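A.B. asks:
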Amino acid sequence: MQTRGVLGGSWTLSCEKAPAHYRIDRTRNENRGPTMKSRILLIFILTVAIGASALVTLPTRADAACRVRIGDLNWDSANFHDQVTAFILEHGYGCRVRLIYGGTLPIMTAHYEGKNDIIMELWYDNVKAQYDPAMKSGKVKQVGINTPDSIQGWFIPRFVQKANPGLKSVFDLPKYKHLFKDPEEPSKGRFVNCIPGWSCEVINTVKLRAYGLEEHFTNFRPGSGGALAAAIKGAYLKKKPVLAYYWAPTPLLGQLDLVQLEEPAWNEADWNVVVKHMDALKKGGMEALGNPKKATAYRTAELPKSVTTKFAAKHPEIVAFIEKYTLPSKEVSKMLAYLEKEASGDAKATAIHFLKTNKVWKKWVPADVAKKVEAALKSA
């Protein structure tokens, strides 16, 4: 059962609430102590109560053998995948599921420390510096690809590029900073970064310096993923220029006509330089950032899943399901559009809709597990 869901209440049977014909008549024997008949009745009642209690707690005992902690990262696509996974684990495998919500850095740190078992959407390039040592030491491992075609980068509205055809690359931005004027610092443009706590926020900060843009643009960090999306969508709908980081699959890139600015092509050597400076920035702040001279585009990402090795050894049948779990970016974006338009942001409702309307998930699990999930969906 999910800890975010409604847990089953406990059921007790007491002498005072026993059916009338099982109640002990205390009024006729209150001065004489319990009679043999009352003792027999009491034993009978306690036996019934214990038996009932044992029956009710059986599912809890089953749950105790299958406890799963999912690192629920704080963006929509991760929340969707986590809820789909949680529903299947809870109803198909009889697991007790706990969703642990948070940003990339705390959630991934907890994963390396064995405090959450599964990461369903791992943006590996963003956490490579920390993930690789944990993987090499045998703490975690990747288990198959979730979304095979995800992108991330810096975007502007297409109408901005059409009006300014010379703006194609990040290196063109100094000439056009006036288009993205920061209201709090009008001499500079505003770059809308990731939110604090996301690895991309640190990577983009490194890129701003590496591309020579710090003197031309402020580094604006929204307070949440929703605020980031709102900053882009709000400007777009008002036909105002906006320069921002974003990624896919997301409903936003499906709804708005945005253009990704060109950056130097991804290559491992230059990306490792970015990672080196990112790590320094995380540890020592802006003073420790140094002077990176090169950066590259984020590479088109195959988003893997990750599990702790201890969990994998204990639950190979669950890891087999996790490994088979995969959805293309187009399908994920479709579900995220449903999340936003139809489900009012409810990731669990979106997951249930997906499981009811798309049968691809049956390929991920054995037939007996699929039957249990389908039975649960009838009342979901």
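Residues in the sequence shown are numbered consecutively from 607, following the working numbering. All C-beta atoms, glycine included, are put in the ideal place defined by N, C-alpha and C. Since the model is a prediction, treat every value here as computed from it, not as a measurement.
#1: Go through its chain and collect everything with a Cβ distance to Arg667's Cβ below 7 angstroms, but skip five positions before and after it.
#2: In terms of residue numbering, what span does the beta strand (DSSP E) encompassing Thr856 cover?
#3: Go to Lys813, then tell me how far its alpha helix (DSSP H) extends in each direction, as first and last residue.
#4: By alpha-carbon positions, which one of Asp952, Ser950, Lys984 and Ala973 ends up nearest to Thr963?
#5: Given a threshold of 16 other Cβ atoms within 10 Å of its Cβ, counted over all protein chains shown, does Leu705 qualify as buried or as exposed?
#6: For Phe996, which residues of its own chain have a beta-carbon under 7 angstroms away from its beta-carbon, when the five flanking residues on both sides are left out?
#7: Hey, quick one: how far does the alpha helix (DSSP H) through Arg764 stretch, first residue to last?
#8: So Asp952 is in the alpha helix (DSSP H); what residue range does that whole segment cover?
#9: Considering only DSSP beta bridges, list what Ile838 is partnered with.
#10: Once the 5 residues before and after Ala833 are set aside, which same chain residues still bring their CB inside 8 angstroms of it?
#11: Count the other CB atoms within 10 Å of the CB of Ser805; is the residue buried (16 or more) or exposed (fewer)?
#12: Across which residues does DSSP place Ser935 in a beta bridge pair?
#13: Taking the alpha carbon of Trp760 as the point to measure from, which residue in Val865, His883 and Leu895 has its own alpha carbon closest?
#14: Which complete beta strand (DSSP E) runs does the segment 678-728 hold, if anything under 3 residues is left out?
#15: Along the alpha helix (DSSP H) that carries Leu887, what are the first and last residues, could you check?
#16: In this structure, how does DSSP classify Asn825 when only helix, strand and coil are distinguished?
#17: Determine contact between the segment 891-904 and the segment 862-877, defined as no fewer than three beta-carbon pairs at a distance below 8 angstroms.
#18: Would you say the beta carbon of Leu858 comes nearer than 8 angstroms to a heavy atom of the ligand ZN?
#19: Between which two residues does the beta strand (DSSP E) carrying Glu908 extend?
#20: Do you know whose CA, among Phe686, Ile724 and His697, lies nearest Phe917's CA?
#21: By the DSSP assignment, the beta strand (DSSP E) with Glu791 in it spans what residues?
#22: Closer than 6 angstroms by C-beta to Gln748: which residues in its own chain qualify, once you throw out the five before and the five after it? Chain order, please.
#23: Consider the Cβ of Lys845: report whether some Cβ of chain C lies at a distance smaller than 9 angstroms.
#24: So what's Ala901 in DSSP terms, helix, strand or just coil?
#25: Nearest to Ala976 by alpha carbon, out of Phe693, Trp853 and Tyr852?
#26: Residue range of the beta strand (DSSP E) that Leu864 falls in?
#27: Can you tell me whether DSSP reads Lys846 as helix, strand or coil?
#28: How many Å lie between Leu648 and Ala919 at the Cα?
#29: According to the Cβ coordinates, are Pro847 and Phe786 closer than 9 angstroms?
#30: Measure the alpha-carbon distance for Gly614 versus Phe927 and round it to whole angstroms.
#31: Return the chain-ordered list of same chain residues with a C-beta closer than 7 angstroms to the C-beta of Gly896, the five sequence neighbours on each side being excluded.
#32: Of the residues Leu711, Val812, Leu814 and Leu933, which one's Cα is nearest the Cα of Leu736?
#33: Closest to Glu980 by CA distance: which of Leu961, Gly795 and Lys844 is it?
#34: What does a CB cutoff of less than 7 angstroms around Glu807 pick up in its chain, not counting 5 residues either side in sequence?
#35: Which of the three DSSP states is assigned to Val971 in this structure?
#36: Please name the residue in Tyr718, Ser756, Met741 and Ala769 whose C-alpha comes closest to that of Trp729.
C.D. replies: Judging by the given coordinates:
#1: With a pLDDT of 32 at Arg667, under the threshold of 50, the modelled position of that residue is not reliable, and the figure given next carries that caveat. Excluding residues within five positions, none has a Cβ falling inside 7 angstroms.
#2: Per DSSP, Thr856 is not a residue of any beta strand (DSSP E), being assigned neither H nor E.
#3: For Lys813, the uninterrupted alpha helix (DSSP H) segment begins and ends at Ser805 to Ala816.
#4: The shortest CA-to-CA distance from Thr963 to any of Asp952, Ser950, Lys984 and Ala973 is the one to Lys984.
#5: Burial call: buried.
#6: Nothing in the structure corresponds to residue 996, since the chain is present only between 607 and 986.
#7: Note, Arg764: alpha helix (DSSP H), Arg764 to Ala769.
#8: No alpha helix (DSSP H) contains Asp952, which DSSP labels as neither H nor E.
#9: Partner(s): none; Ile838 has no beta bridge.
#10: Exclusion of the five residues before and after Ala833 leaves Ile801 as the residues of its chain whose Cβ lies within less than 8 angstroms of its Cβ.
#11: Here Ser805 is buried: its Cβ has 16 or more other Cβ atoms, across all protein chains shown, within 10 Å.
#12: DSSP lists no bridge partner for Ser935.
#13: Residue Val865 is the option with its Cα nearest to Trp760.
#14: As far as the segment 678-728 is concerned, its whole beta strand (DSSP E) runs of at least 3 residues are 702-708.
#15: Per DSSP, Leu887 belongs to the alpha helix (DSSP H) from Glu874 to Gly890.
#16: If DSSP states are grouped into helix, strand and coil, Asn825 belongs with the strands.
#17: These segments touch.
#18: As for the ligand ZN, it is missing from this structure, which has no ligand bound.
#19: Its beta strand (DSSP E) spans residues Ala907 to Thr914.
#20: Cα-wise, what sits closest to Phe917 is Ile724.
#21: Looking at the DSSP string, the run of the beta strand (DSSP E) that includes Glu791 is Glu791 to Val798.
#22: Counting only residues of its own chain and dropping the five nearest sequence neighbours on each side, Gln748 has a CB closer than 6 angstroms to the CB of Pro910 and Ser912.
#23: You won't find chain C in this structure, because it holds only one protein chain.
#24: Look at Ala901 here: in three-state DSSP terms it is coil, with no helix or strand label.
#25: Of the candidates Phe693, Trp853 and Tyr852, the residue whose Cα lies closest to the Cα of Ala976 is Phe693.
#26: Per DSSP, Leu864 belongs to the beta strand (DSSP E) from Leu864 to Gln866.
#27: Note: Lys846 maps to coil in three-state DSSP.
#28: A caution first: Leu648 carries a pLDDT of 45, below 50, which makes its placement in the model unreliable, though a value can still be read off. Approximately 47 angstroms, taken between the alpha carbons.
#29: In contact: Pro847 and Phe786 (Cβ atoms closer than 9 angstroms).
#30: Since pLDDT at Gly614 reaches only 29, below the 50 mark, its modelled position is unreliable, and no value is offered.
#31: Same-chain partners within the cutoff: His883 and Ala886.
#32: The sequence given here places Gln at residue 736; Leu does not occur at that position. For Gln736, the closest C-alpha among the options Leu711, Val812, Leu814 and Leu933 is that of Leu711.
#33: Answer by Cα proximity: Leu961.
#34: Same-chain partners within the cutoff: Asn799, Cys800, Ile801 and Arg827.
#35: In the structure shown, Val971 sits in coil (DSSP, three-state: anything other than H, G, I, E or B).
#36: Ranking Tyr718, Ser756, Met741 and Ala769 by Cα distance to Trp729 puts Ser756 first.
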